[in-house]
Structure formats: C-alpha cells, structure tokens
Amino acid sequence: MLGNLPGPFRGHGGGHLDMTLRHPYEDRKLTFDRHTRAYRLLDTFLLEELLSQIVAANEAHRLGDPDLLGQVVGRLTSLSPWMTRRRLSEAVAEAWRGSHGPLGSRP
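For the sequence shown, the working numbering gives the first residue as -18, with consecutive numbering after it.
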C-alpha cells in the first residue's frame, strides 16, 4: 500500500507479508520486489477482495497453485475502476468460479 502514497516510499525497495502457516504451524515471511510503477488502487482492492473471499471460503490452500491464480488474475485484468464496489466483489467471485468452481466447493 505504501507504494501508492507520495513521498519516500513510492517505488522504492520491496515489501513483505508476515503469516502463520497452519500445517505445520510456523511463521513465515514472504518478501517481494515492487513494480517500477505504483499499483493502481483498483489492483489493491482486487487483491484484498480476492484474498478475503478465498480465506472466508476456506480455500486459502489454493493460493499455492500458480496456474489457478494466473487464470483468476487474467479474468480480472479488464475490470474498470469505474465499477461499483459490489460489482467488483461479484467479479472477483465470478473469476474464481470460472477458474475453479464456486467459492467454498471442493473438487
């Protein structure tokens, strides 16, 4: 998020996510580099919405599948920032459903 703000954080360095894995329980720190351009607010919203929906549906283990995530992200790239928040949330659920099946379903 700081990469979207003006000032010293803009476009410099990288970031990290601190998380606890459930199986086995262990703390992890994932690091990443930033893109040369700032993330759009739409991109930040879509990421937050996707993560929230997937975790709420008990499907977080699917985040480790790069092919699945590539399909979902591919379905989200054409969304307009002028869409309502509700419609964007629905589009995230549709993108997941189109790539995997309904949120919360098991293959």
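For each residue, glycine too, the CB sits at the ideal point set by N, CA and C.
- In the structure shown, the three-state DSSP call for histidine -3 is strand.
- Between the segment 22 to 30 and the segment 42 to 50, the count of Cβ pairs shorter than 8 Å is below three; the stretches do not touch.
- A straight line joining the alpha-carbon of threonine 25 with that of glutamine 34 spans about 14 Å.
- In the displayed model, glutamate 40 falls within coil according to three-state DSSP, outside both helix and strand.
- Bounds of the alpha helix (DSSP H) holding alanine 74 are 66 to 80.
- Going by DSSP, proline 47 is part of the alpha helix (DSSP H) stretching over 47 to 57.
- The C-beta separation of leucine 50 from alanine 76 comes to about 10 Å, leaving the pair out of contact by the 8 Å criterion.
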